[in-house]
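Peer 1: Read in order, the letters of the sequence shown correspond to residues -13 to 382 in the numbering used here.
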Amino acid sequence: MAPPNKAKAAGVSASSFLDLKAELAKKESEFTKKGAARSSGGDKKGKGTIWARTNKGVAARNARDIEALAADRKTSESARIALERKAAIYEKLKRGKTGGLSDAQYDALLVDFDSKPMNDGFSSDSDDVDESLTVPKAPDDQNDPIIEYEDEFGRVRTARKSEVPRHLMPQSEKEDDDDPYVIRNPVNYFPVFEPSEERIAAIQQAASEEANPLAAHYDASRDNRAKGAAFYTFSNDEETRMREMEELRKAREDTQAARRATGAVDILPGEGEGLAGEVEVDTTKNEADSTKSRAMEKRKREIEERRALIEAKRRKMKGISEPTTSVPKEGSPQSLPETNDPFAALETQLKGTATNEKSKGSGKSRWDKGPNKKTGMVEADNFLAQLERDLISRGK
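Here is the structure:
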């Protein structure tokens, strides 16, 4: 006979029993965990890793960033409000209204709103806003009072100052200030000199060209420079000037007459001396110095004396008898020769000598026809050639 407890449990299956045990074990484990947590004072967090740590001062910087962001939001908000207010004033000025600006403020604007609508063209009717759709509200700006003005038809109307067109703005009346210590706009306070018509005509006449003619002659007193030793200053007066020129002409003629009387020679600029040909004396154009003429005459006498010595030596070497010629002295006056070429007479003499030698060729000795004769002729020709070169170089 089975025991009573087993008899009672005979109706329970094994699977149900196992499920019960598992549920019981689960509850026991949960109770154990909760009891341990209560006895230890709660759950303790473990120590964080190095990556979970924060830097020093991060919280303070975050707080400052939040404050700066709030200040920037306030600044941007105020700037947005100011720009919206300026945009509203700009739109009113474009439409020809005052926009609440005074005359001084309007004059200080950099945009010419009177000509700008003409350049922008006409606006379309679709841009107009129906005023009945907008709800009127009190203006925020207390400096925009309601004023009275007269429109183009002569009607008196009232509107805000910013809504009144500029050409219909009432003119501000000037306040009468009777301050005796303030001087305003002293026009013609000091007397101004205004000459009479007669005085003006006299000044114009004195400054005209008829009263101040241009100088007809050169005025050397106004030219501050060296004029030279032979410069002569003539007078600006016509009669005095003619008299001075006549006196100067007479003095010139007297000088030329004295030079002709003393036999002075005048050489034109560019003409040579002695070898270039016969010198032509122009008594009407040359004004040479007498000292220079005497030096030229002395030079010519020296050339003539040297030529005579050369001719004498040549005749002596050829064995020709020397003609009687008078050598001019240095102090005696010497007239000009008919020809200025010193070798013309020498060539004529050589031609005559050659003709005589041909005619007397049969009567000459062997010594005259030998090499000594030829050597003497060559030496004489070399001497004459050297002399000619010396004379030409001195003449230059």
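The beta-carbon is built from N, C-alpha and C at its ideal position, and this holds for glycine as well.
Computed from a predicted model, the values in this text were never measured in an experiment.
Under the three-state reduction of DSSP, which class applies to isoleucine 253: helix, strand or coil?
Peer 2: Three-state result, isoleucine 253: coil.
Peer 1: Leaving out five residues before and five after serine 279 in sequence, what residues of the same chain have Cβ atoms less than 7 Å from its Cβ?
Peer 2: If we look at serine 279 and ignore the five residues flanking it on each side, its Cβ neighbours are Ala250 and Val251.
Peer 1: Whose C-beta lies closer than 8 Å to the C-beta of arginine 227 among residues of the same chain, with five residues either side of it excluded?
Peer 2: Closer than 8 Å at the Cβ level, and outside the excluded window around arginine 227, lie His203, Phe220 and Ser221.
Peer 1: For leucine 69, name the three-state secondary structure that DSSP assigns.
Peer 2: Here leucine 69 sits in helix by DSSP.
Peer 1: Measure how close the beta-carbons of serine 148 and lysine 78 come, nearest whole angstrom, since I'm counting them as under 8 Å.
Peer 2: That belief holds up - the Cβ atoms of serine 148 and lysine 78 are roughly 6 Å apart, short of 8 Å.
Peer 1: Using 10 angstroms around the beta-carbon of leucine 322, count the other beta-carbons present and answer buried if the total reaches 16, otherwise exposed.
Peer 2: At leucine 322, the pLDDT of 46 sits below 50, so the modelled position is not reliable; the number obtained from the coordinates is stated separately. Exposed: under 16 other Cβ atoms inside 10 Å.
Peer 1: Using the C-alpha atoms, what's the distance from isoleucine 296 back to glutamine 320?
Peer 2: Here the model assigns glutamine 320 a pLDDT of 48, short of 50, so the residue's position is not dependable and the matter cannot be decided.
Peer 1: Which value, in whole angstroms, describes the spacing of the CA atoms of alanine 244 and alanine 237?
Peer 2: The alpha-carbon atoms of alanine 244 and alanine 237 are separated by roughly 11 Å.
Peer 1: Could you spell out the range, first to last residue, of the beta strand (DSSP E) harbouring alanine 188?
Peer 2: Note, alanine 188: premise wrong, no beta strand (DSSP E); alpha helix (DSSP H) at 183 to 192.
Peer 1: Using three-state DSSP, classify tyrosine 135 as helix, strand or coil.
Peer 2: Here tyrosine 135 sits in strand by DSSP.
Peer 1: What is the DSSP secondary structure of valine 142, counted as helix, strand or coil?
Peer 2: Three-state result, valine 142: strand.
Peer 1: Would you list the residues sitting across from lysine 83 in a DSSP beta bridge?
Peer 2: Lysine 83 pairs with Pro151.
Peer 1: Compare the Cα-Cα distances from tyrosine 76 to each of Asp98, Ala11 and Ala247 and report the closest residue.
Peer 2: Among Asp98, Ala11 and Ala247, the Cα nearest to that of tyrosine 76 is on Asp98.
Peer 1: Note the first and the last residue of the continuous alpha helix (DSSP H) segment covering aspartate 244.
Peer 2: In the sequence as presented, aspartate is not what sits at residue 244; that position holds alanine. Element bounds for alanine 244: 224 to 248.
Peer 1: Determine the burial state of glycine 43: buried for a count of at least 16 other Cβ atoms within 10 Å of its Cβ, exposed for fewer.
Peer 2: Label assigned to glycine 43: exposed.
Peer 1: Output the distance between the C-alpha atoms of lysine 304 and arginine 285, rounded to the nearest integer angstrom.
Peer 2: Computed Cα separation, rounded: 29 Å.
Peer 1: Can you give the Cα-Cα distance for phenylalanine 139 and alanine 68, rounded to whole angstroms?
Peer 2: Rounded to whole angstroms, phenylalanine 139 to alanine 68 spans 36 Å at the Cα level.
Peer 1: Report all residues from its chain with a CB closer than 6 Å to the CB of leucine 254; omit the five preceding and five following residues, and keep chain order.
Peer 2: Excluding sequence neighbours, leucine 254 sits near nothing in its chain.
Peer 1: Where does glutamate 283 fall in DSSP's three states?
Peer 2: It is helical.
Peer 1: From alanine 471 to alanine 187, what distance separates their C-alpha atoms?
Peer 2: Nothing can be reported for residue 471: it is not among the residues displayed for the chain, which extend from -13 to 382.
Peer 1: Within 7 Å: the Cβ of glutamate 283 and any heavy atom of the ligand NAD?
Peer 2: For the ligand NAD, the structure offers nothing, since it holds no ligand at all.
Peer 1: Check arginine 375 in the structure and name its three-state DSSP category.
Peer 2: In the structure shown, arginine 375 sits in a helix (DSSP, three-state: H, G or I).
Peer 1: Determine the direct distance from the alpha carbon of glutamate 180 to that of glycine 85, and round the result to whole angstroms.
Peer 2: So the two alpha carbons sit approximately 49 Å from each other.
Peer 1: Exposed or buried, what is isoleucine 189 when buried is set at 16 or more other beta-carbons lying within 10 Å of its beta-carbon?
Peer 2: It is exposed - the Cβ of isoleucine 189 has fewer than 16 other Cβ atoms within 10 Å.
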